[in-house]
Amino acid sequence: MFFNLVEFPYPSAEGLHVGHVFKYSGVDAYGRYHRMRGRQVFQPIGFDAFGIHTENYALKVGEHPAQLTARTTRRFREQLSRMGGAWDWSRSVDTSRPEYYRWTQWILVRLFEAGLMYQAEAPVVWCPACLTVLAREQTERDGTVCERCDTPVTERVMTQWFLRITAYADRLDAGLDRLDWPDRARRSQRRWIGRSEGWEIDFGDLTVFTTRPDTLPAVTFIAVPDGHPAAGGTRPHPLTAAPVPVFAADYVVESYGTGAVMGVPAHDERDARFAAEHGIAVSHAPLLDAAAAAAVGRPAVRYRLRDWLISRQRYWGPPIPIVHCAGCGPVAVPDADLPVLLPQVEDFRPAGTGQSPLAAAEEWVRTTCPRCAGPARRETDVSDAFVDSSWYFLRYPSSEFDDRPWDRERTRRILPVDFYAGGGEHVQRHHLYARFVTMALHDLGLVPFEEPFPHIRIGGLIVRDGAKMSKSRGNVVTPDDYVARSGSDVLRGALMFAAPWEQGGEFSDDAVAGIERFLARTWRVITAADGAGPDPATLARATHAVSDAIERLSFNVGLARLMELLPSVRSAEAKRVFVRLLAPFAPHLAEELWHRLGEPFSVHTQAWPVFDSSLLLSREVEIPVQVDGRVRGTVVVAPDAGRDEVVLAARRAVTTVPPEERTARLVFVPGRVISFVSRGDP
RNA sequence: GCCGGGAUGGCGAAAUCGGUAGACGCGACGGACUCAAAAUCCGUUGUCCGCAAGGACGUGGGGGUUCGAGUCCCCCUCCCGGUACCA
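In structure tokens, the structure reads:
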């Protein structure tokens with residue numbers, strides 16, 4: 027089973043975007059190719075329908091998010107169907123449906139029981155427009171504005187739910203080495219995790235984290251975050267016991283390391299800047315050797331990664347399945363009581379009080395403690411939409427089961443994902459969260475593998491007029507217009523022909539015209555009376571080239587090879603080969619032509635053309651003749667022609683080839699090149 | 001600032017292992033068909049010199065390695081994406 031997966035869309039009110047079509051067309055062609063190659067392909071699609079984005083839009087237009095979601099998912103479904111993707115709709119998911127989020131909650135309960143979900147009071151990012159806390163990752167521009175609405179965010183200290191992803195930081199980091207991901211994705215995620223090996227060193231009761239314990243003798247101050255109680259005092263230097271002044275410095279991040287830094291102006295740029303600004307002395311005391319440094323500190327590993335804040339004081343998400351009991355504290359909702367249904371409320375607007383709109387549903391909130399049966403109150407925060415998407419690939423194969431989140435046998439047979447087509451914007455969050463959740467579930471014995479996505483490829487961005495499509499630029503392309511005018515095969519083809527899938531590229535009406543003509547020409551050629559040709563070697567080479575291009579996700583090259591082949595296609599056999607090669611790119615046209623050829627439905631379940639690989643070896647090759655590094659002509663020889671034969675041919679064909687006595691050097695690469703280096707008069 | 005990715009004809013791009021740069025498409029030009037146009041088909045199309053044969057130059061700029069560099073190495077410029085004092 028080949029699990030061909032693409033990141034499921036958030037069903038925006040704007041409908042399907044050409045960027046979606048670009049990404050999905052390639053994924054679909056890839057899946058169709060593998061199916062024809064004999065793999066059983068599982069290619070589902072679904073909707074990431076919960077979340078602030080949907081909810082904010084619902085608030086804007088004054089429509090209930092449930093209603094809005096029903097409408098937008100219906101539209102997406104129609105549009106996706108029209109594009110002709112081979113999606114398995116029988117295995118679809120919608121994260122906002124109780125049948126789905128029941129299991130999202132079930133997973134949170136498992137994590138809670140395992141000590142991986144906890145409540146803590148912490149300074150968190152608050153968006154005054156969305157009226158909710160956000161994960162640090164959901165802010166932009168140095169964490170100053172909300173990524174959803176661009177509003178400057180503030181900080182609040184609140185009691186929130188977290189997932190203990192930092193407990194897996196080491197494994198998430200180490201595991202990257204074994205993944206077949208693009209380097210840039212791996213590097214980017216590794217940097218996000220930010221593993222750092224160093225030392226903890228005590229200055230009295232104040233502990234600092236440093237990667238440079240050897241610079242300890244040159245410490246002239248200690249820096250702590252603004253508002254730290256130690257600021258203004260001194261602490262004894264661990265080597266000399268001399269008092270070291272403690273300063274409050276805005277460059278010290280409270281939540282990283284020990285939240286305190288030893289100031290070494292001689293060896294650290296930031297420390298130097300701070301020292302200069304505050305008139306602090308600079309010491310160039312000689313450095314300590316490793317052994318001496320080890321004697322005063324403890325080795326420690328720190329991460330840039332923080333625990334994952336999943337509380338949202340919003341409506342459109344799964345209620346966090348916890349009940350608060352005065353006697354028992356926070357208690358998980360028993361599995362039998364899941365899902366905790368999102369209550370129907372009239373007013374789903376965020377309250378702005380730091381509590382979710384669910385808090386106003388008093389009847390819903392009031393409940394009994396599952397443990398002691400005493401009076402208790404439900405947790406009113408909902409969970410982050412990234413929780414929903416961190417396990418949806420586990421649900422797809424088992425989506426019809428209502429008594430288990432995933433079936434053991436199905437999971438074993440279909441997962442992990444064989445090919446995951448992702449977006450670059452998801453490397454730090456979605457891909458990381460999904461890895462964490464999968465690892466945790468693995469440790470709980472619930473899934474038989476640690477890594478959900480052993481093979482990821484990142485799709486490029488489709489642009490128009492050299493710029494990312496956006497409403498403000500007015501260069502947004504709607505797929506519907508093109509589909510209505512030219513059909514989805516043309517739109518798919520135009521997008522695939524524009525550029526390699528991983529690179530992304532320019533969408534233009536010119537490309538649409540080119541593909542439209544190509545497909546029209548294809549129709550005429552295939553439906554014309556049979557003739558002779560091309561020769562088997564031509565067909566074999568084209569088949570090989572198209573296959574190779576698809577495997578490399580270079581659909582543009584695949585189409586180019588088909589365009590080259592088309593004019594020579596005459597024989598019935600060649601037509602049958604051509605239509606099958608075309609099928610992943612233009613599924614509708616290929617199906618119709620296959621039918622016209624009198625072949626049984628469906629072209630998409632036919633075997634991919636096979637060829638005798640000996641046909642790929644040509645009987646003769648044209649190789650360049652170089653003289654002093656310049657191409658001076660070519661000779662046609664057998665691919666395995668020997669050195670002497672080629673030299674002879676080159677002398678005959680190219681007059682400027684030096685005679686033997688004037689040849690200083692001769693480089694011969696069989697089947698590739700013959701290169702003469704001449705010698706001046708002795 | 002740091003980390004990625006990129007820069008190839010008029011345009012989108014190809015070149016998979018260091019071996020004929022520009023496949024394929026668009027556009028343009030010329031021709032066929034047509035009363036005419038559209039559509040379609042055929043041909044030409046990197047730049048420069050040349051009647052031609054042929055030659056010179058050419059993959060953002062500069063240097064290098066090599067018989068041979070779009071491809072490898074060093075330095076630089078610009079564009080796109082990510083990231084932000086992580087000790």
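Start counting the first sequence at 27; every next residue gets the next number (the working numbering). Don't be surprised by glycine CBs; every beta carbon is placed ideally from N, CA and C.
For histidine 263, the secondary structure class from DSSP, reduced to helix, strand or coil, is coil. According to the DSSP secondary-structure assignment, isoleucine 700 is paired through a beta bridge with Val651 and Phe694. Leaving aside the five residues that flank leucine 579 on each side, the residues in its chain whose CB is nearer than 8 Å to its CB run, in chain order, Gly52, Tyr56, Arg483, Pro526, Trp527 and Glu528. In the assembly as shown, leucine 189 is a buried residue. Its beta-carbon has 16 or more other beta-carbons within 10 Å.
Taking a 10 Å sphere around the C-beta of cysteine 398, we find fewer than 16 other C-beta atoms and assign the residue as exposed. Per the DSSP secondary-structure output, cysteine 172 pairs in a beta bridge with Thr165. Rounded to the nearest angstrom, the Cβ distance from alanine 466 to alanine 140 is 7 Å, consistent with a contact under 8 Å.
Around the C-beta of phenylalanine 627, fewer than 16 other C-beta atoms lie within 10 Å, and the residue is accordingly described as exposed. Within 10 angstroms of the beta-carbon of arginine 439 lie fewer than 16 other beta-carbons, which makes it exposed. By alpha-carbon distance to arginine 658, the top candidate from Val680, Pro665 and Gln381 is Val680. Contact check for glycine 259 and valine 272: beta-carbon distance about 5 Å, within the 8 Å limit, so the pair qualifies. Cα atoms of tryptophan 129 and glutamate 532: separation of roughly 41 Å, rounded to the nearest angstrom. Secondary structure at leucine 314: coil, using DSSP grouped into helix, strand and coil. One alpha carbon belongs to glycine 486, the other to glycine 449, and they sit about 8 Å apart. By the CB criterion at 8 Å, arginine 587 and alanine 612 fall outside the cutoff. Taking one beta carbon from each stretch, the stretch 460 to 480 and the stretch 429 to 443 have 3 or more pairs nearer than 8 Å; the two touch. Between isoleucine 219 and arginine 330 a beta carbon distance of about 7 Å is seen, short of the 8 Å cut, so the two are scored as contacting. Taking 3 residues as the minimum length, the beta strand (DSSP E) runs contained wholly in the stretch 470 to 494 are 482 to 485, in order along the chain. The DSSP assignment places 295 to 304 and 316 to 322 as complete runs of the alpha helix (DSSP H) inside the stretch 293 to 342, in order along the chain (cut-off: 4 residues).
In the DSSP assignment, tyrosine 277 falls outside any alpha helix (DSSP H), carrying neither H nor E.
For phenylalanine 235, the enclosing beta strand (DSSP E) has its first and last residue at 232 to 236. If you draw a straight line from the Cα of tyrosine 418 to the Cα of isoleucine 191, it is about 18 Å long. The straight-line gap separating the alpha-carbon atoms of alanine 460 and glycine 559 is approximately 52 Å.
If only uninterrupted beta strand (DSSP E) runs of at least 3 residues are considered, those enclosed by the stretch 369 to 417 are 392 to 394 and 401 to 404. DSSP assignment within the stretch 194 to 240 yields the following whole beta strand (DSSP E) runs of 3 residues or more, N-terminal first: 222 to 229 and 232 to 236. Here glycine 323 has Trp225, Glu226, Ile227 and Pro239 as same chain residues with Cβ atoms under 7 Å from its own Cβ, once five neighbours each way along the sequence are excluded. For arginine 63, the CB contacts under 7 Å within the same chain, skipping 5 residues up- and downstream, are Trp634 in chain order. Annotated as proximal: alanine 161 and tryptophan 334, with beta-carbon spacing under 8 Å. Where asparagine 82 is concerned, the enclosing alpha helix (DSSP H) starts and stops at 78 to 87. By the neighbour-count criterion, in which a residue is buried when 16 or more other Cβ atoms sit within 10 angstroms of its Cβ, methionine 109 is buried.
By the neighbour-count criterion, in which 16 or more other beta carbons inside 10 Å mark a residue as buried, glycine 72 falls on the buried side.
In the structure shown, tyrosine 282 adopts coil according to DSSP, grouped into three states. Within 10 angstroms of the beta-carbon of methionine 288 lie 16 or more other beta-carbons, which makes it buried. For isoleucine 576, there is no enclosing beta strand (DSSP E); the enclosing alpha helix (DSSP H) covers residues 562 to 577. Annotated as proximal: isoleucine 541 and phenylalanine 523, with beta-carbon spacing under 8 Å. Around the beta-carbon of histidine 263, 16 or more other beta-carbon atoms lie within 10 Å, marking it buried.
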